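Asker:
Numbering (this note's numbering), first residue to last: 3 to 113.
What follows is the structure in structure tokens.
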């Protein structure tokens with residue numbers, strides 16, 4: 003017997019930052035899903051920085067770091083191709099706003 007799977011597809015591109023509300027993790031993932039296919043990688047970088055700032059404010063720092071790593075893996079494998087200069091910009095920005103995030107990003111960039 004073949005299972006009858008059903009799924010829903012949501013077009014998140016129609017929602018603004020103000021429309022996407024909830025806890026930090028939910029807001030970040032919905033924003034990343036919304037913006038992952040943007041052609042303008044500069045605009046997408048702004049969303050990465052915003053996500054890092056929100057994750058840095060989480061009380062559970064270890065959980066935030068794991069969540070950040072998962073998001074960065076998704077972004078680097080599925081998102082707009084970031085140039086070496088753009089990736090270096092991300093790492094430098096994270097050194098200021100989210101120190102642990104810069105270490106994770108450098109490790110993922112090497113892979």
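We put the CB at the ideal spot given by N, CA and C, even for glycine.
Just so we're clear, the structure is a prediction, and the values are computed from it rather than from any experiment.
If you check the beta carbons only, do residue 82 and residue 25 fall under 9 Å apart?
Answerer: Looking up residue 82 in the chain shown gives position 80. Looking up residue 25 in the chain shown gives position 23. Cβ distance not < 9 Å, so residue 82 and residue 25 don't count as in contact.
Asker: Tell me the DSSP secondary structure of residue 17 in three-state form.
Answerer: Mapped onto the chain shown, residue 17 falls at position 15. In the structure shown, residue 17 sits in coil (DSSP, three-state: anything other than H, G, I, E or B).
Asker: Please report whether the beta-carbon of residue 4 lies at a distance below 9 Å from any beta-carbon of chain B.
Answerer: Chain labels in this structure do not include chain B; a single protein chain is all it has.
Asker: Using C-beta distances below 6 Å, list every residue in its chain close to residue 66, excluding the 5 sequence neighbours before and after it, in chain order.
Answerer: Start at 1 with the first residue of the chain shown, and residue 66 comes out as number 64. The residues are 57, 60.
Asker: In chain order, which continuous runs of the beta strand (DSSP E) of length 3 or greater are located wholly inside the stretch 43-96?
Answerer: none
Asker: Taking the C-alpha atoms as reference points, what is the distance between residue 89 and residue 7?
Answerer: The residue labelled residue 89 in the question sits at position 87 within the chain shown. The residue labelled residue 7 in the question sits at position 5 within the chain shown. When rounded, the distance between both Cα atoms is 39 Å.
Asker: Return yes when at least one heavy atom of the ligand ZN lies under 8 Å from the C-beta of residue 77, else no.
Answerer: As far as ligands go, the structure on display features none, and thus does not contain the ligand ZN.
Asker: Which of helix, strand or coil does DSSP assign to residue 37?
Answerer: Locating residue 37 in the chain shown gives position 35, where the first residue counts as 1. Helix at residue 37.
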